[in-house]
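Enquirer: Residue numbers (the working numbering), protein chains in the order written: chain A, 1 to 380; chain B, 1001 to 1380.
Ideal placement from N, C-alpha and C gives every residue a C-beta, glycine not left out.
Since the model is a prediction, treat every value here as computed from it, not as a measurement.
Take this structure first; my questions come after.
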């Protein structure tokens, strides 16, 4: 099981939340460690928007993964004890079926013909994978950022299938600030003439729009405080500046954003980005309240619906982690999640970290996050 | 003096900080109230990036101004006592000379031939206006946002010309988060093919780029907290949504951003926006430290230079106001300004407001700002 990227065929048709169905869809995943005979040591990791299934090095792919210092033998998520699965989100483009995949019914790339995607669909694809691996109950379900919302979708749709949950820097429902940021990212892509209503190719590619979207992402994933210490007002060397461009990058922070954009722009499919970004805006646990599953209508208070929905979640234990410098998924939202899970009957540990790196802290502040996660897993 | 927009011709040539000079330049301004015989009751307001000189209704223009509830007879800045001047920033496009003006030396619009503009130049244009109105000493100099940086530039370049200072939601030097946001706004404009290196016209106008820039501005000018209360997850009525656009606006917050962008895009010149935005990034009081006026070099600590520069400021009294929800000019920066002015010998009052509206609070939370400003002015 320790080979690198593997593929799991979803049941076909795979019914989606908004009424469509996928034919012949798959998800890519990777694993670390060994499933116990009792099949009770499995951890599933649901990721943020952009990472693939390669969370860490393994036999099949020794290159470092996006959570390299967290997952592995003797590491905070110790693969000597746990059988760890990381799945590429349905709708993404790192091996799972999404808008950049071939539609088997037409033989052509889906593009905007890909059906409406929700994070509940992402969750269900993960659930099918877990069941397909012969696992009835997860020992722990971990979700980061968008993956935290997908994880809530998993718990809401499949109660009693998970023993413990780790929720990291996420939300019970997308709030307007995060919606505004994501909406603007999508607009930047769509306004790029090369996007061409989803019909781009390698030669005519919405590079400018993707670059703006990614830079805006990075700005909101980090924190102003971190950047004061890291970049201050350091200017680029004259050689590093574009000649003849009076408004080109001049400060180190601008060059940092350029570097991040450059790495991302061609490695993530723009249409897949749009689908997953919109799915994050749509996410709202209130839709899972009993008896009235419709989205909240104009002006209606959704607080009681959120509580009613969370009451359906049935996990024994949860660890909820937030970061004080996170502007995209603020600490107050993590407190809401902790309170909601507690009201739903779970034994909840809430950890507020002062990492300076904002929303991205779970990727880089492994010292703080690792201690919290390892400590929690040790009690299971 | 109470007519609406008036024009003041700057000394020609008007020397600029980065070495160029403007020929035949002017600034637009408006006034309220009456200058006293002793000429000791004048207040100058330096504005944020986008407002013009029309801060409030007056005889020449009874339409409401951008600070309508703040400035007027019996209002917080009481024009029965004070002679109030508001100047459109040099480099802007609301009557003052900027990139959208005709270059008298060529008979053509400057566009990108407009010289490098700094906020010190904006300050100096305001200073020339004040002197031109026969005023040797301002009773009070007020600066909001970008205008707060311009005001610091005024105090640094013209010590002993101002008795009291009100600093609102601004910075001693642009920090990397604000630089990153503004850099991305400029990039969105420049990436719009209609920008065409500054050579747009009414038919071919960088509408998309300006729209992204403005929306990003509005997102950073307000606060996530305000929006949770104001928009929550309210969705647009079906009629208000664009047919056939799967990624079009769906939430009320998106429509709010569209409305703001629509009002701004054609009312502010894109090249002027680029010049003023870059000037904000460049601003750094550390450049005014004695003996070493060069910009800080790579990696150098600028803290001591900031203090050395501020020591040159000579005002008797200052009121520094910041807002806890401001992410663009955070409260910590306002504390730095207050501390710096105090070290420079001024008697400083520091007010931290809990307005939910973020950076824009000075425009909308007139109750809190008005009380602080009126209270301070009453003690002068």
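Could you name the residues of the region 1147–1174 of chain B whose beta carbon sits closer than 8 angstroms to any beta carbon of chain A, in the order they occur along the chain?
Expert: Those would be 1173 and 1174, in chain order.
Enquirer: Considering just the uninterrupted stretch of the beta strand (DSSP E) at residue 31 (chain A), what are its terminal residues?
Expert: It spans 26–32 - the beta strand (DSSP E) in which residue 31 (chain A) sits, taken as one unbroken run.
Enquirer: On the premise that residue 1141 (chain B) lies in contact with residue 1121 (chain B), defined as a C-beta separation below 8 angstroms, what is that separation, rounded to the nearest angstrom?
Expert: Actually they do not touch by this definition, with Cβ atoms about 16 angstroms apart.
Enquirer: Rounded to a whole number of angstroms, what is the C-alpha to C-alpha distance between residue 102 (chain A) and residue 1017 (chain B)?
Expert: Each residue's Cα considered, the two are about 59 angstroms apart.
Enquirer: Suppose you measure from the CA of residue 135 (chain A) to the CA of residue 119 (chain A); what does that come to, to the nearest Å?
Expert: When rounded, the distance between both Cα atoms is 21 angstroms.
Enquirer: Give every residue of the same chain whose Cβ lies closer than 7 angstroms to the Cβ of residue 979 (chain B), excluding the five residues on either side of it in the sequence, and list them in chain order.
Expert: Only positions 1001 to 1380 of chain B appear in this structure, which leaves residue 979 (chain B) out of reach.
Enquirer: Between residue 338 (chain A) and residue 320 (chain A), is the Cβ-Cβ spacing less than 8 angstroms?
Expert: A contact, by the Cβ cut-off of 8 angstroms.
Enquirer: According to the neighbour-count rule (16 or more other Cβ atoms, all chains shown, within 10 Å of its Cβ), is residue 1160 (chain B) buried or exposed?
Expert: With fewer than 16 other Cβ atoms within 10 Å, it is exposed.
Enquirer: Residue 23 (chain A) to residue 52 (chain A), Cα distance in whole Å?
Expert: Distance between the alpha carbons of residue 23 (chain A) and residue 52 (chain A) is about 22 angstroms.
Enquirer: Please determine, among B:1069, B:1094, B:1245 and B:1079, the residue with the shortest C-alpha to C-alpha distance to residue 1029 (chain B).
Expert: Of the listed residues, the one whose Cα sits closest to residue 1029 (chain B) is B:1094.
Enquirer: Output, in sequence order along the chain, the residues in the region 1218–1229 of chain B whose CB is closer than 7 angstroms to any CB in chain A.
Expert: Those would be 1219, 1224, 1227 and 1228, in chain order.
Enquirer: Check the Cβ of residue 1112 (chain B) against every Cβ in chain A and list those closer than 8 angstroms, keeping chain order.
Expert: Under the 8 angstroms cutoff, chain A gives 246.
Enquirer: Note down, in chain order, every chain A residue with its Cβ under 8 angstroms from the Cβ of residue 1320 (chain B).
Expert: By Cβ distance, chain A contributes nothing, its closest Cβ being about 19 angstroms from residue 1320 (chain B), past 8 angstroms.
Enquirer: May I have the straight-line CA-CA distance separating residue 1357 (chain B) from residue 1021 (chain B), to the nearest angstrom?
Expert: Between residue 1357 (chain B) and residue 1021 (chain B), the C-alpha separation is close to 39 angstroms.
Enquirer: In the DSSP assignment, the alpha helix (DSSP H) including residue 1348 (chain B) goes from what residue to what residue?
Expert: First-last for residue 1348 (chain B): 1347–1353, but that is the beta strand (DSSP E), not the alpha helix (DSSP H).
Enquirer: Does residue 1183 (chain B) get closer than 8 angstroms to chain A when you measure Cβ to Cβ?
Expert: Yes, its Cβ sits closer than 8 angstroms to a Cβ of chain A.
Enquirer: Using Cβ-Cβ distances below 9 angstroms, what residues of the region 230–242 of chain A are close to chain B?
Expert: Cβ contacts with chain B: 230, 231, 232, 233, 234, 235, 236 and 237.
Enquirer: To which residues does DSSP link residue 1046 (chain B) through a beta bridge?
Expert: Residue 1046 (chain B) is bridged to B:1087 and B:1143.
Enquirer: In angstroms with no decimal places, state the Cα-to-Cα distance between residue 187 (chain A) and residue 262 (chain A).
Expert: Distance between the alpha carbons of residue 187 (chain A) and residue 262 (chain A): 19 angstroms.
Enquirer: Cα-Cα, which of A:228, A:5 and A:265 is closest to residue 252 (chain A)?
Expert: When each option's Cα is compared against that of residue 252 (chain A), the closest is A:228.
Enquirer: Residue 1129 (chain B) and residue 1014 (chain B) - do their beta-carbons sit closer together than 8 angstroms?
Expert: No.
Enquirer: Return the CA-CA distance between residue 1230 (chain B) and residue 1133 (chain B), expressed in angstroms with no decimal places.
Expert: Each residue's Cα considered, the two are about 44 angstroms apart.
Enquirer: Residue 245 (chain A): buried (16+ other C-beta within 10 angstroms of its C-beta) or exposed?
Expert: Under this definition residue 245 (chain A) is an exposed residue.
Enquirer: Are residue 1182 (chain B) and residue 1281 (chain B) closer than 8 angstroms when you measure CB to CB?
Expert: A contact, by the Cβ cut-off of 8 angstroms.
Enquirer: I'd like the list of long-range same chain contacts for residue 236 (chain A), defined as Cβ closer than 8 angstroms, with 5 residues on each side in sequence excluded.
Expert: Excluding residues within five positions, the ones whose Cβ falls inside 8 angstroms are 249, 250, 251, 252, 254 and 255.
Enquirer: How about residue 1309 (chain B) and residue 1288 (chain B): do their beta carbons lie closer than 8 angstroms?
Expert: Yes; because the gap between Cβ atoms is below 8 angstroms, this pair is in contact.
Enquirer: With 7 angstroms as the limit, tell me which residues of the region 1250–1280 of chain B have their beta carbon closer than that to any beta carbon of chain A; keep them in chain order.
Expert: Taking 7 angstroms as the Cβ-Cβ cut-off against chain A, the residues of the region 1250–1280 of chain B that qualify are 1251, 1253, 1254, 1257, 1274 and 1278.
Enquirer: Output yes if chain A places a C-beta closer than 8 angstroms to the C-beta of residue 1330 (chain B); else output no.
Expert: Taking Cβ atoms only, chain A reaches closer than 8 angstroms to residue 1330 (chain B), which makes this a yes.
Enquirer: State buried or exposed for residue 284 (chain A), treating a residue as buried only when at least 16 other CB atoms are found within 10 Å of its CB.
Expert: So residue 284 (chain A) counts as buried.
Enquirer: Give me the Cα-Cα distance between residue 1342 (chain B) and residue 1348 (chain B), rounded to the nearest whole angstrom.
Expert: Using only the alpha carbons, I get a separation of about 6 angstroms.
Enquirer: Under DSSP, the beta strand (DSSP E) around residue 1165 (chain B) begins and ends at which residues?
Expert: Its beta strand (DSSP E) spans residues 1162–1168.
Enquirer: Who are the Cβ neighbours of residue 1073 (chain B) in its own chain at under 7 angstroms, not counting the five residues just before and after it?
Expert: Contacts found: 1079 and 1080.
Enquirer: Taking the runs of the beta strand (DSSP E) that are 3 residues or longer, which of them lie wholly in the region 306–337 of chain A?
Expert: Correct list: 317–323.
Enquirer: For residue 1190 (chain B), return the contacting residues in chain A, with the cut-off set at a CB-CB distance below 7 angstroms.
Expert: Near residue 1190 (chain B) (Cβ distances below 7 angstroms), the residues of chain A are 247.
Enquirer: Could you please give the first and the last residue of the uninterrupted alpha helix (DSSP H) stretch that includes residue 8 (chain A)?
Expert: Careful: residue 8 (chain A) lies outside any alpha helix (DSSP H), inside the beta strand (DSSP E) at 6–9.
Enquirer: With DSSP run on the structure shown, which of helix, strand or coil describes residue 1376 (chain B)?
Expert: The answer is helix: DSSP assigns residue 1376 (chain B) an H, G or I state.
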